[in-house]
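Asks: Residue numbers (this note's numbering): 113 to 1060.
Quick reminder that beta carbons are idealized off the backbone N, C-alpha and C, glycines included.
Here it is: the structure, laid out below.
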């Protein structure tokens, strides 16, 4: 106690209470300190569980230790040492981890020394903390408390240095970056509040409750904020883990599917081939091996009967360039020897890639028990069969893989040995190294932490791939970091452990069906999953909130005087008024913005909208209503009656009986109908065009707007319905005619099997021709659908020399029979453009097809390549196609690009009306233009303008 303390009544009472605490016996002092220290240590565990390292667990306890020494003196030191031991035991029991013995002895000693050092600094240079009303006193408390908080971390760092200099850097960070900060905050947060609670009297009530409220609220907010960030990060990590596992699942599923498709494609190709040569097999399997990147090999294994063996071995010698060429099998020692003579052999005739599988040529897979079982399963089911993991036939290496055998059907009889090989030509075989396949899929997509690049290679999750169809001992095909004990793992134990470490995510299990076998992929997080998956953000948020609470406590000590308190209240009131004013201004601004936005939405909507008040006076009309009815309603502000008269002069409608439009509305309102509708009324617009509109009149009983009229332009809907009807009619006609021919010729061929070959060939030609007509129509429909669905994403642009390309396109066009090829001329030098060559060629062919279709047989079709310019002014190359046909009128030109529109309604010329539509869509995706020029009787000129 400072000897210069002024002798006032308040100070005298303070001195009396101080001496009473000092005179307390050591036994109750010891019990009080041990109990209090243990309680505050446990409070620190709950506060920082899962959010902060050990230093923050000490935060409340360190503050209690300093306050106890300042109030009780040296008698509190033994209680602090024993209380710290109790806290360590409490932590061990609740959270688990390493035993506190013997490191807890030195740690308790360091905490005790720190408390005594803080007391020594503060006791001689600072007035009793209850008198902290001067700024200098407050800053001395904060500064000296922070200095004393360095004692424990300094001693701990020195101990780590003595134990091993290699751990010095991490020890320094843990000591000064965590423990020192925690100790300094403890001095500011806990010590003053506890000292205030050791005193009684009205002088300290405001500070006692106010500072305690700040400390409790700050710690609660710190814990809540930290836990909130932790929960969000845990949920994000779980989501990333789930997405990672799903990506692996889908990638693995796609890889297995591609292997299966490659094998089926090989079997189908061989089934349709009269013979399989090595060169043909290499060309056949090259794209399949590229499709299934992780496929080890593909082979063809024909069924060879006893009388065919000699011929096969002769063929094998020619292909394999190996003498003597013979069918081989493995003996008991695993070496390749000449196969014994059997009724049936299933030998390898061709295999790719051939370099590392040369030894497999001629190997009789039917001689091996495992392979034989798969072959017999395939013979029985006539479906693909898969072996278990077996050793491959190679020259210098011993590799293991699965064999998938797909039977290739071809008629044979029943063999003398009684085994049915009927319909089996051989087996297309895929060699699949599952471990390589799984590793290639899983390894690049393993779950990795994103916040720490150094920890990216640390295994956070174990993976295992098993064959559920195999015996239990041989089920595991591949595993990565899979633990020996697969029971649920936790990083810590104890009933408070879930607060310190989140529960490990549940293992993920995915099952696959592959060629008749069942496989399973398991992904299980390891015990150290959360150690490396979580960042330091929860700890940072927790620390920042506590630091803010410490700053707030210091501010409270500085402003706890009566005058400062009054000034603080006035400031708070002023801030509240300013915030209320800002809230009101924001609300008004929000209201104005909403009103402007609503007005803009109504004005931009395609539905005509007109509103009238209770006196039938105009209130609001949007642009759509002005466009449909004509006039500027905002300037005229007409009454409802004037608007109705204006509409009656333009409307043509049915269904109103003897009433006019205005009389009909009046009658509906007189019957208290809240709304009335008129469908498909014909409205004559100012541009002379007739539009179909749906009119709805709505009446409201209350509000500033009483009557609303809605005008919906349904002209395009009617046109679409007409186009659909026209399409259905055209489709029925265009498909029925060739289909009728196909059916007729087919039935005739079935009815007359003895038809002459020449006549049969002619009929089949007709069937083929009409089938291609139907195919062409369907292809056009699919092309329009693809362009409409995918847009520019379906384009495959390449840099193209346009002059050379245009000549190639014209040359590739198939000119109708008895017609001359198009005349070609070019008036541009060589220029380059970035285009989709295939799709743009399709557009040009559509223009050429129309040019020939709608022109006389002896007329000329011209193709020109010119310099052009888009409407935007950009440079372009123009490809112009002209004919000498009947041409088009202006209305026909306006609708020529419409889908399903056909100028020729007689049905004389086949088609769906999609050619110009398709060409327009393709050139539009290239940001170009399709221009049509025509006069009746003067032909049609169609120009594709492609930007350069």
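Below 8 angstroms, how does it come out for the region 417-433 and the region 343-358: are there three or more Cβ pairs, yes or no?
Replies: The answer is no - the region 343-358 does not touch the region 417-433, with fewer than three Cβ pairs under 8 angstroms.
Asks: Check the C-beta distance from residue 658 over to residue 297 and give it rounded, since I have them as a contact under 8 angstroms.
Replies: The pair is a contact, with the Cβ atoms about 5 angstroms apart (cut-off 8 angstroms).
Asks: Just how far apart, CA to CA, sit residue 643 and residue 190?
Replies: Roughly 36 angstroms separates the two Cα atoms.
Asks: Quick check on the DSSP output: the alpha helix (DSSP H) that includes residue 543 runs from which residue to which?
Replies: Where residue 543 is concerned, there is no enclosing alpha helix (DSSP H), although the beta strand (DSSP E) it sits in stretches over 536-544.
Asks: Can you give the beta carbon distance from residue 474 to residue 438, rounded, assuming they're within the 8 angstroms contact cut?
Replies: Right, the Cβ-Cβ distance comes to about 7 angstroms (below 8 angstroms), so this counts as a contact.
Asks: Taking 8 angstroms as the limit between beta carbons, can you name the residues of its chain near residue 513, skipping five residues before and five after?
Replies: 408, 501, 502, 504, 543, 544, 545 and 546.
Asks: Using C-beta distances below 6 angstroms, list every residue in its chain close to residue 418, excluding the 5 sequence neighbours before and after it, in chain order.
Replies: If we look at residue 418 and ignore the five residues flanking it on each side, its Cβ neighbours are 455.
Asks: Give me the Cβ distance between residue 992 and residue 982, rounded to the nearest whole Å; I'm assuming they're in contact under 8 angstroms.
Replies: With a Cβ gap of about 15 angstroms, residue 992 and residue 982 do not count as contacting.
Asks: With 16 other CB atoms within 10 Å as the buried threshold, where does residue 636 fall?
Replies: So residue 636 ends up on the buried side.
Asks: So who's on the other strand from residue 913, going by DSSP bridges?
Replies: DSSP lists 944 as partners of residue 913.
Asks: Three or more C-beta pairs closer than 8 angstroms, one from the region 1023-1037 and one from the region 948-966: is that the case here?
Replies: A contact exists between the region 1023-1037 and the region 948-966.
Asks: Short of 6 angstroms in beta carbon distance, which residues of its chain neighbour residue 975, apart from the five on each side in sequence? Order them along the chain.
Replies: Correct list, in chain order: 922, 934, 936 and 993.
Asks: With DSSP collapsed to three states, give me the class of residue 964.
Replies: Note: residue 964 maps to helix in three-state DSSP.
Asks: Do residue 305 and residue 227 have their C-beta atoms closer together than 8 angstroms?
Replies: Not closer than 8 angstroms, so no.
Asks: At what residues does the beta strand (DSSP E) containing residue 572 begin and finish?
Replies: Where residue 572 is concerned, there is no enclosing beta strand (DSSP E), given that its DSSP letter is neither H nor E.
Asks: State the DSSP-derived secondary structure class of residue 817, mapped to helix, strand or coil.
Replies: Correct three-state label for residue 817: coil.
Asks: Taking DSSP's pairing of strands, which residues face residue 503 in a bridge?
Replies: Bridge partners of residue 503: 512.
Asks: So which of 631, 422 and 185 has the shortest CA-CA distance to residue 621?
Replies: Closest by alpha carbon: 631.
Asks: Here's the rule I'm using: 16 or more other beta-carbon atoms within 10 Å means buried, otherwise exposed. How should residue 618 be labelled?
Replies: That one is exposed.
Asks: Which runs of the beta strand (DSSP E), 3 residues or longer, sit entirely within the region 424-486?
Replies: Runs found: 440-442, 448-450, 456-458 and 462-464.
Asks: Mind checking residue 807: buried by the 16 CB within 10 Å criterion, or exposed?
Replies: Counting Cβ neighbours within 10 Å, residue 807 comes out buried, since at least 16 surround it.
Asks: What are the complete alpha helix (DSSP H) segments, minimum 4 residues, inside the region 799-868?
Replies: Counting whole runs of 4 or more residues, the region 799-868 contains the alpha helix (DSSP H) stretches 827-863.
Asks: Under 8 angstroms, with one C-beta from each stretch per pair, do the region 383-399 and the region 567-578 reach the 3-pair mark?
Replies: The region 383-399, when compared against the region 567-578, does not touch it at the 8 angstroms Cβ threshold.
Asks: Report yes if the CB atom of residue 752 is closer than 8 angstroms to the CB atom of residue 819, and no otherwise.
Replies: Cβ atoms of residue 752 and residue 819: closer than 8 angstroms.
Asks: Quick check: residue 1014 and residue 964, are their CB atoms within less than 8 angstroms of each other?
Replies: Cβ atoms of residue 1014 and residue 964: not closer than 8 angstroms.
Asks: In angstroms with no decimal places, state the Cα-to-Cα distance between residue 577 and residue 490.
Replies: For residue 577 and residue 490, the distance between alpha carbons rounds to 25 angstroms.
Asks: What would DSSP say about residue 627, mapped onto helix, strand or coil?
Replies: Coil at residue 627, not helix or strand.
Asks: Starting from residue 413, trace the beta strand (DSSP E) both ways and give me its first and last residue.
Replies: Per DSSP, residue 413 belongs to the beta strand (DSSP E) from 409-417.
Asks: Strictly by DSSP, which residues pair up with residue 751?
Replies: For residue 751, which the question treats as bridged, DSSP gives the partners 729.
Asks: With C-beta atoms as the reference, is residue 481 less than 8 angstroms away from residue 448?
Replies: It is not a contact, given that the beta carbons lie outside the stated cut-off.
Asks: Measuring only the C-alpha atoms, how far is residue 1095 from residue 817?
Replies: Past the edges of the chain, shown from 113 to 1060, lies residue 1095, and the structure says nothing about it.
Asks: Considering Cα atoms alone, identify which of 194, 691, 583 and 232 is closest to residue 221.
Replies: It is 194 whose Cα lies nearest to the Cα of residue 221.
Asks: With DSSP collapsed to three states, give me the class of residue 1046.
Replies: Looking at residue 1046 - three-state DSSP - the assignment turns out to be strand.
Asks: Between residue 172 and the rest of its own chain, which residues show a CB-CB distance below 6 angstroms, the 5 nearest in sequence each way excluded?
Replies: 152, 155, 156 and 302.
Asks: Can you name, in chain order, every residue of its own chain whose Cβ lies under 8 angstroms from the Cβ of residue 826, other than the five neighbours on each side?
Replies: Once the five neighbours on either side are set aside, the close Cβ partners of residue 826 are 792, 804, 805 and 806.
Asks: Where does residue 1038 fall in DSSP's three states?
Replies: In the structure shown, residue 1038 sits in coil (DSSP, three-state: anything other than H, G, I, E or B).
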